[in-house]
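Notes follow once the structure below has been shown.
Residue numbers (the working numbering), protein chains in the order written: chain U, 386 to 541; chain D, 386 to 541.
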């Protein structure tokens, strides 16, 4: 986790971070899907090879969860708690396959300090996930509650 | 998996299914979050107990992934592939805690046969996840590509 901790007043609209690389391994794709999305296209290499995608593809929820992990690791929020409130316009635009290497672009598109609670606010980030060929595979807007510096002590 | 397989033309707007119960266990909450969302509120019982939620809460992506698993297990689509295209208006409305037992209400709110490809269409389902106290913890709209009976052979 980065040592630096950012709070609401440290951020500006248009601020961007890049994330990744996330290397997609077949064993991880199958393990996640066996638990959470056990469809042949995600868990059965033989059935998937004979199917419309010509091979295993990752569950969309797996890719979204990996983007969350990378957000914790790569965005410079340090120990500041990131409380997901809402997701809008989440689109799984292209299949993610074993061997794919994903990169992430994060951009702050809105910042809303709370009117009633000075210890917190909400940022909106546009997450754009691209594979090694520059194809966007996933995109979404994420509304995240973030403490102000005042909230650093109260919103643990 | 249910033996029955439903395709696009078998569905009607307003059709509903219930899902669950999903029993939230602390060990599962911590295991998921350790891999995908390693924040103290999700993985550290001591830090979480001293924090704003008074204890561990589940990562929102964990709850969403469990709803996907239940969808495969409980909705009567049999082997029909369910390809998630889009999610809108996903809101994590209340914390999910160890010991919570979640129920799911799924309702078809839209059905759009493809104009150009007679083997497929898109359904929109409203997923509403409620805890044992009747509190809605998660709600979202899910656009899912589903084969027609014609597509049962081509869209595996």
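Ideal Cβ positions, reconstructed from N, Cα and C, are used throughout, including at glycine.
Test item: CB-CB of residue 383 of chain U and residue 441 of chain U under 9 Å: With chain U covering only 386 through 541, there is no way to say anything about residue 383 of chain U.
For a contact defined as C-beta to C-beta under 8 Å, what are the partners of residue 542 of chain U on chain D? Given a span of 386 to 541 for chain U in the structure shown, any question on residue 542 of chain U remains unanswerable.
Since residue 473 of chain U and residue 422 of chain D should fall inside the 8 Å C-beta cutoff, what is the C-beta to C-beta distance between them, to a whole number of angstroms? For the purposes of this step, residue 473 of chain U is taken as residue 88 along the first chain, with counting starting at 1. For the purposes of this step, residue 422 of chain D is taken as residue 37 along the second chain, with counting starting at 1. The pair is not a contact, with the Cβ atoms about 19 Å apart (cut-off 8 Å).
According to DSSP, is residue 520 of chain D part of a helix, a strand, or is it coil? Counting from 1 along the second chain, the entry for residue 520 of chain D is found at position 135. It is coil, neither helix nor strand.
What is the rounded straight-line gap between the Cα of residue 396 of chain U and the Cα of residue 501 of chain U? Residue mapping note: residue 396 of chain U aligns to position 11 of the first chain, counting from 1. Residue mapping note: residue 501 of chain U aligns to position 116 of the first chain, counting from 1. If you take the alpha carbons of residue 396 of chain U and residue 501 of chain U, they lie about 20 Å apart.
Please check if any C-beta of chain U sits within less than 9 Å of the C-beta of residue 402 of chain D. Within the second chain, numbered from 1, the residue matching residue 402 of chain D stands at position 17. Answer no: the Cβ-Cβ gap between residue 402 of chain D and chain U never drops below 9 Å.
Output yes or no for whether 9 Å exceeds the beta carbon distance between residue 481 of chain U and residue 527 of chain U. Translated into positions along the first chain, residue 481 of chain U becomes position 96. Translated into positions along the first chain, residue 527 of chain U becomes position 142. No, the Cβ-Cβ distance between residue 481 of chain U and residue 527 of chain U is not below 9 Å.
How would you call residue 466 of chain D, buried or exposed, if buried means at least 16 neighbouring beta carbons within 10 angstroms? Position 81 of the second chain, counted from the start, is the residue given in the question as residue 466 of chain D. The residue is buried, with at least 16 neighbouring Cβ atoms inside 10 Å.
Buried or exposed by the 16-neighbour rule on C-beta atoms within 10 Å, applied to residue 486 of chain U: Residue numbering aside, residue 486 of chain U sits at position 101 when the first chain is read from its first letter. Per the 10 Å Cβ criterion, exposed.
Bridge partners for residue 525 of chain D per DSSP, in chain order? Within the second chain, residue 525 of chain D is the residue found at index 140, counting from 1. Answer is D:512, bridged to residue 525 of chain D.
Could you give the first and the last residue of the continuous beta strand (DSSP E) run that contains residue 490 of chain U? Locating residue 490 of chain U in the first chain gives position 105, counting from the first residue. Per DSSP, residue 490 of chain U belongs to the beta strand (DSSP E) from 486-498.
Whole-angstrom distance between residue 492 of chain D and residue 400 of chain D, CA atom to CA atom: Position 15 of the second chain holds residue 400 of chain D. Position 107 of the second chain holds residue 492 of chain D. Taking the straight line joining both Cα atoms gives about 6 Å.
Secondary structure at residue 450 of chain U, three-state DSSP: helix, strand or coil? As a working mapping, residue 450 of chain U is identified with position 65 in the first chain. Looking at residue 450 of chain U - three-state DSSP - the assignment turns out to be helix.
Could you tell me which residues DSSP puts in a beta bridge with residue 472 of chain D? Looking up residue 472 of chain D in the second chain gives position 87. For residue 472 of chain D, which the question treats as bridged, DSSP gives the partners U:475, D:527.
On the DSSP bridge assignment, give the partners of residue 481 of chain D in chain order. Position 96 of the second chain, counting from 1, holds the residue named residue 481 of chain D. Beta-bridge pairing links residue 481 of chain D to no other residue.
Roughly how many whole angstroms lie between the Cα atoms of residue 498 of chain D and residue 458 of chain D? Taking the first residue of the second chain as position 1, residue 498 of chain D is located at position 113. Taking the first residue of the second chain as position 1, residue 458 of chain D is located at position 73. Answer to the nearest angstrom: the Cα atoms are 25 Å apart.
For residue 437 of chain D, the three-state DSSP class (helix, strand or coil): In the second chain, the residue the question calls residue 437 of chain D occupies position 52. Residue state, collapsed to three classes: coil.
Contact list for the stretch 463-492 of chain U against chain D, Cβ threshold 9 Å: 464, 466, 467, 468, 469, 470, 471, 472, 473, 474, 475, 476, 477, 478
Could you list which residues in chain D have their beta carbon closer than 9 Å to that of residue 450 of chain U, in chain order? Sequence index remark: in the first chain, residue 450 of chain U carries index 65 (1-based). By Cβ distance, chain D contributes 417, 420, 421, 422, 444, 446, 447, 449, 450.
On the premise that residue 469 of chain U lies in contact with residue 542 of chain D, defined as a C-beta separation below 8 Å, what is that separation, rounded to the nearest angstrom? There is no way to answer for residue 542 of chain D, as the model of chain D reaches only from 386 to 541.
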